[in-house]
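Everything on this sheet refers to the single structure shown next.
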Amino acid sequence: MKNRFSFEKNERVASQKLIDELFTGGNSQSVAAFPLRAVYMVQQRQADEPPAKLLISVAKRRLHHAVDRNRTKRQLREAYRLNKHRLESTLPDNEQLVVAFIWLADGLESTDTVAARVKSLLKRISVKLQTKNS
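For the sequence shown, this note's numbering begins at 19 and goes up steadily by one.
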């Protein structure tokens with residue numbers, strides 16, 4: 019049995035085609051909770067794919083030092099890993115959610131703040147998905 023709180027490689031968005039579809043396609047939506055913005059879309063799920071995929075973007079323009087960008091990405095991955103079950107429980111078996119977290123702040127935030135914002139965004143996305151599927 020897989021660990022429920024894992025974050026494996028196949029759960030990351032790596033396809034440029036999928037990234038382009040997420041940001042330029044007409045079926046994606048966006049929600050924000052400063053210092054984050056989440057862009058997401060629902061698509062058909064293949065048999066061997068996970069229920070949700072994640073992309074994290076922290077721009078050099080926002081955080082100039084690589085150590086700060088890496089720290090922020092670690093905080094985002096950890097917060098997502100611990101809270102992704104909120105999304106997976108709301109998705110039908112044949113659908114996959116693709117989410118991109120984009121960092122908006124020009125400085126660092128505490129781990130507790132980042133975790134609270136990720137949790138808030140995931141909760142809002144799951145509520146929107148539930149109302150759409152109802």
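Cβ coordinates follow ideal geometry from the N, Cα and C atoms, glycine included.
This structure is a prediction, so every number in the text was calculated from the model and none was measured.
Would you mind giving the Cβ-Cβ distance between residue i and residue j, rounded to the nearest angstrom? I have them listed as a contact below 8 Å.
{"i": "residue 23", "j": "residue 100", "result": "6 Å"}
{"i": "residue 106", "j": "residue 70", "result": "6 Å"}
{"i": "residue 73", "j": "residue 132", "result": "At roughly 16 Å, the Cβ-Cβ gap does not stay under 8 Å, so residue 73 and residue 132 are not in contact."}
Using C-beta distances below 7 Å, list every residue in its chain close to residue i, excluding the 5 sequence neighbours before and after it, in chain order.
{"i": "residue 68", "result": "28, 29"}
{"i": "residue 33", "result": "none"}
{"i": "residue 104", "result": "140, 141, 144"}
Which term fits residue i, buried or exposed, when burial requires 16 or more other beta carbons within 10 angstroms of its beta carbon?
{"i": "residue 119", "result": "buried"}
{"i": "residue 144", "result": "buried"}
{"i": "residue 135", "result": "buried"}
{"i": "residue 13", "result": "The requested residue 13 is not part of the displayed model; the chain covers only 19 to 152."}
{"i": "residue 78", "result": "exposed"}
Is residue i helix, strand or coil when you go by DSSP?
{"i": "residue 127", "result": "coil"}
{"i": "residue 113", "result": "strand"}
{"i": "residue 78", "result": "coil"}
{"i": "residue 154", "result": "This structure does not reach residue 154, given that the chain is present from 19 up to 152, and the question cannot be answered."}
Check each candidate in the options and name the one with the smallest Cα separation from residue i.
{"i": "residue 117", "options": "60, 107, 66", "result": "60"}
{"i": "residue 150", "options": "36, 35, 45, 92", "result": "45"}
{"i": "residue 48", "options": "109, 57, 113, 147", "result": "57"}
{"i": "residue 128", "options": "96, 62, 40", "result": "96"}
Apart from the five residues just before and just after residue i, which ones in its own chain have a Cβ nearer than 8 Å to its Cβ?
{"i": "residue 55", "result": "48, 49, 119, 120, 122"}
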